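Undergrad:
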DNA sequence: AAACTCAGTATACGCATGCATACTGAGTTA
DNA sequence: TAACTCAGTATGCATGCGTATACTGAGTTT
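Residue numbers (our numbering), protein chains in the order written: chain A, 1171 to 1376; chain B, 1171 to 1376.
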């Protein structure tokens, strides 16, 4: 049976994990093939059996984060299905911050490379972001419908929310746990502002 | 007299300018002392007469951007003193995007290194951001007062606005000019959402 | 059991890097 | 004009890099 492929997958995972861990301290951009290979107890040349170059490895990492985050958000959405908007956002933001803390390496990579030098990185990350925005847009529309409200530009609101949550969420990486409560409050408040501002009010000539 | 200091300043400026230009293509993090020195037609060792290392040079660059941006925003604020809120934000966002396009290198550095690997970079950039937030907070409060309105959390609103404008503004760097109109509209709409959402409404038990 | 595949090894290349050392010569001061 | 300062030069070293080449030996196929 495929003992061979199994071993290969193991090495591949080890390379990915080591790259992730190393990127936490130095940043992914500063990593070298040799460094990652050495950390994974493998010859530099062996690296090429798995990835063409560091960029290809990086894109795999981005994918991993996106998958993890999407799972998280899907769960949080499901779990909070019954609650009202304010609670949903607060709940989701809470889960998000937990995720950021648990996967700080992945997240640092995502946010750091979002405006980085590599085109393909930026493109990949923005694509993932767009998916988040899309999913949130649907959520907002659904919730609004339930509450018998209308939103002005649901997609814009979603974009603003995603931007705020990700950008401010990144600050959690530099904060001790006990200071993150304040950060969470800020994010929740700002997200609620956006949603409030997106709601159509009584018609009024202006 | 001081022909010497004059020459030194000239070389220093050349180093800074070259670093800036190079960082546009490869990203500042990927620059080397030798590379910058060569671009500035100077020996690598001469670099050390001006900066301890690349990081010190980088902090100078950050400072330059901040100064330029602050000047821009101050002007835009002054020029739009008489207009109403909506026009102010639109006007300012427009100037901001012009600045981003004109100083794309500086801006790329600012946004790219904002979540980068270097602590001192992040700290420096966040400090500048905080100043923007502070200034905008005062603006929002002033305008609200004039219009006889109250804002819920002016500082949070300002933080959200700055976050949106900078993060989405960064996308302008990857967009052809003719597609930036759409971007501008998105930013304006989202900023207005935030401000709208920050306004206190009629008291209402909830 | 013989032939084949292929993940990983061993080694070596040329190149760019940060940085140390000793030097030069125009500009300044006394 | 003699002594001094100091921005910039010339040179060289050790290190780490990406990658090419030839190889080995366990795992798989026939």
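All C-beta atoms in this analysis are idealised placements derived from N, C-alpha and C, irrespective of residue type, glycine included. Since we're looking at a predicted model, the values are computed, not measured.
(1) Judging by CA-CA distance, which residue of B/1277, B/1180 and B/1357 is the nearest neighbour of residue 1231 of chain B?
(2) Please report whether the beta-carbon of residue 1302 of chain B lies at a distance below 7 Å from any beta-carbon of chain A.
(3) Given a cut-off of 7 Å, decide if residue 1260 of chain A and residue 1377 of chain A are closer than it, judged by their beta-carbon atoms.
(4) State yes or no: is the C-beta of residue 1303 of chain B within less than 7 Å of the C-beta of residue 1270 of chain B?
(5) Any C-beta of chain A sitting closer than 7 Å to the C-beta of residue 1196 of chain B?
(6) Assign residue 1380 of chain A to one of three DSSP states: helix, strand, or coil.
(7) Grouping DSSP H, G and I as helix and E and B as strand, with all else coil, what is residue 1321 of chain B?
(8) Using the Cα positions of residue 1365 of chain B and residue 1224 of chain A, report the straight-line distance between them to the nearest angstrom.
(9) Secondary structure at residue 1182 of chain A, three-state DSSP: helix, strand or coil?
(10) Check the DSSP bridge columns for residue 1369 of chain A and list the partner residues they point to.
(11) Excluding the five sequence neighbours on either side, which residues of its own chain have a C-beta within less than 8 Å of the C-beta of residue 1347 of chain A, listed in chain order?
(12) Could you name each continuous alpha helix (DSSP H) segment of 4 residues or more that falls completely within the segment 1239-1314 of chain A, going from the start of the chain to the end?
(13) Would you kindly work out how many angstroms separate the C-alpha atoms of residue 1314 of chain B and residue 1328 of chain B, rounded to a whole number?
(14) Using DSSP with H/G/I as helix, E/B as strand and the rest coil, what is residue 1346 of chain A?
(15) Closest to residue 1275 of chain B by C-alpha separation, out of B/1186, B/1175 and B/1176, would be which residue?
(16) If you run the structure through DSSP and keep just helix, strand and coil, what is residue 1172 of chain B?
(17) Where residue 1227 of chain A and residue 1354 of chain A are concerned, what is the direct C-alpha to C-alpha distance, given to the nearest angstrom?
(18) So residue 1229 of chain B packs on residue 1285 of chain A, CB below 8 Å; how close in whole Å?
(19) Here's the rule: buried if 16 or more other CB atoms are within 10 angstroms of the residue's CB, otherwise exposed. What is residue 1434 of chain B?
(20) For residue 1361 of chain A, count the other beta carbons within 10 Å of its own beta carbon; 16 or more makes it buried, fewer makes it exposed. Which is it?
(21) Just verifying my parser: in three-state terms, what is the DSSP assignment at residue 1197 of chain B?
TA: Let me lay it out:
(1) Nearest C-alpha to residue 1231 of chain B: B/1277.
(2) Using beta-carbon distances, residue 1302 of chain B does not count as an interface residue toward chain A, since no partner is under 7 Å.
(3) No answer is possible for residue 1377 of chain A: the residues shown for chain A start at 1171 and end at 1376.
(4) It is not a contact, given that the beta carbons lie outside the stated cut-off.
(5) Interface with chain A (7 Å Cβ-Cβ cutoff): residue 1196 of chain B is included.
(6) Absent from the model: residue 1380 of chain A. The displayed extent of chain A is 1171 to 1376, so no value can be given.
(7) Residue state, collapsed to three classes: strand.
(8) Roughly 43 Å separates the two Cα atoms.
(9) When DSSP states are grouped into helix, strand and coil, residue 1182 of chain A belongs to the helix group.
(10) Answer is A/1321.
(11) Taken in chain order, the residues that qualify are 1271.
(12) Annotation: the segment 1239-1314 of chain A contains the following complete segments of the alpha helix (DSSP H) (minimum length 4 residues), in chain order: 1255-1272 and 1274-1283.
(13) Per the coordinates, the alpha-carbon of residue 1314 of chain B lies some 13 Å from the alpha-carbon of residue 1328 of chain B.
(14) Note: residue 1346 of chain A maps to coil in three-state DSSP.
(15) The candidate whose alpha carbon is nearest that of residue 1275 of chain B is B/1186.
(16) Coil, per DSSP.
(17) C-alpha separation (whole angstroms): 32 Å.
(18) Between residue 1285 of chain A and residue 1229 of chain B the Cβ distance is about 18 Å, and since that is not below 8 Å, they are no contact.
(19) Past the edges of chain B, shown from 1171 to 1376, lies residue 1434 of chain B, and the structure says nothing about it.
(20) Buried is the call here.
(21) Coil at residue 1197 of chain B, not helix or strand.
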